[in-house]
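Under full-length UniProt numbering, the first residue of the sequence shown is numbered 1, with each subsequent residue one higher.
A virtual CB, placed ideally from N, CA and C, is assigned to each residue, including glycine.
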Amino acid sequence: MAAEPFAFNIDSLPPDKITLFDIRYDIEPHKSVSPWSWAVKYTLYAKKIPFHIKLVEMVDIPALSKVLGLQPGEGFTAEPMYTLPAIYDPSTKKAIVDSLAINMYLDAQYPESPRVVAEGTKGLIKAFLTAMKNLDYACFPVAIEICLGLTTAKSREHFRSTREKLLGVKIEDITPREPEKVAAAWAGIKKVFDTMDGWYGDNTFIMGTDVPTHADFVVAGRLMLLKEFFREESEEWNRIAGWNDGRWGKLLKYCNDMWVV
């Protein structure tokens, strides 16, 4: 049975609130695991900006992006790739893609709320985001098969084929299974978190502020993904949450308790 063609009209969006476009996954309760989208959600909650979430199938992202007039961004290879999150603000009729660009837009458009990207720190944040890729690389082997299982039926073959073409191996062959390989993978993840702990030092939030900023929301987004992947009661999640004197569990709890309904 052929997949239904993508259909979308901007006029169908709520006229009185921002729409956040997020990737649909088969997971409860949020139907989403994207850490980049969580970085935007936390900002919207922090700024108390009303918003609506529209979930989008992974295979429909290019079509949606073209309707919104969004350009492709950096992908896994040199080839450009359409990505989410994106927002549409009906008050300005602007569509923005990429979590940092979105959060900077929200800072500029809603100046009465606390800034999440301090003036003059865009370059520093970009360097931080590059460094954060080390966590993505470390988690990839233990997370990729879980992510495949949570991808919707409509998008699963796309997810599998694009990743396997890039990597040259089946996704199931990436997951470490022998005890020594599992231990090595988790040691690599712990090493990255130890490095991140050094970035924070004695600060609760990485910029030394009283409240979290974009960089903290980026970290919390990764933590939310790992919590959703492994589930709250799992040994894996509780291991991560407890590392570095419980810093990561506390950071995620702070973000979720304050703003996530």
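The alpha-carbon of P176 is positioned some 33 Å away from that of P62.
One alpha carbon belongs to E164, the other to V142, and they sit about 16 Å apart.
By the neighbour-count definition (other C-beta atoms within 10 Å, threshold 16), Y25 is a buried residue. Residue burial annotation: V211 is exposed, with fewer than 16 other C-beta atoms found within 10 angstroms of its C-beta.
When the beta-carbon positions are compared, W38 and M224 come within less than 7 Å of each other.
Across the set D173, D89, G188, P114, the C-alpha of D89 shows the shortest separation from the C-alpha of D11.
Considered as a whole, the stretch 115–175 harbours no complete run of any beta strand (DSSP E) with no fewer than 3 residues. According to the DSSP assignment, F217 belongs to no beta strand (DSSP E) but to the alpha helix (DSSP H) extending over 214–230.
With a minimum length of 3 residues, the unbroken runs of beta strand (DSSP E) contained wholly in the UniProt domain "GST N-terminal" (24–114) fall at 51–56, 86–89, 94–97.
Between the beta-carbon of L135 and that of I171 there is about 20 Å, and that puts the pair past the 8 Å contact cut.
At the C-beta level, V40 and P111 stay beyond 7 Å of one another. Excluding the 5 residues flanking it on each side, P114 has same chain C-beta neighbours closer than 8 Å at A46, K47, V211, in chain order.
Comparing alpha-carbon positions, the option among E236, M132, S161 lying closest to V192 turns out to be M132. Per DSSP, T195 is one residue of the alpha helix (DSSP H) stretching across 179–200. T19 is bridged by DSSP to H52, Y88.
Take P15, set aside five residues on each side of it, and the residues of its chain with a beta-carbon closer than 8 Å to its own are P90, in chain order.
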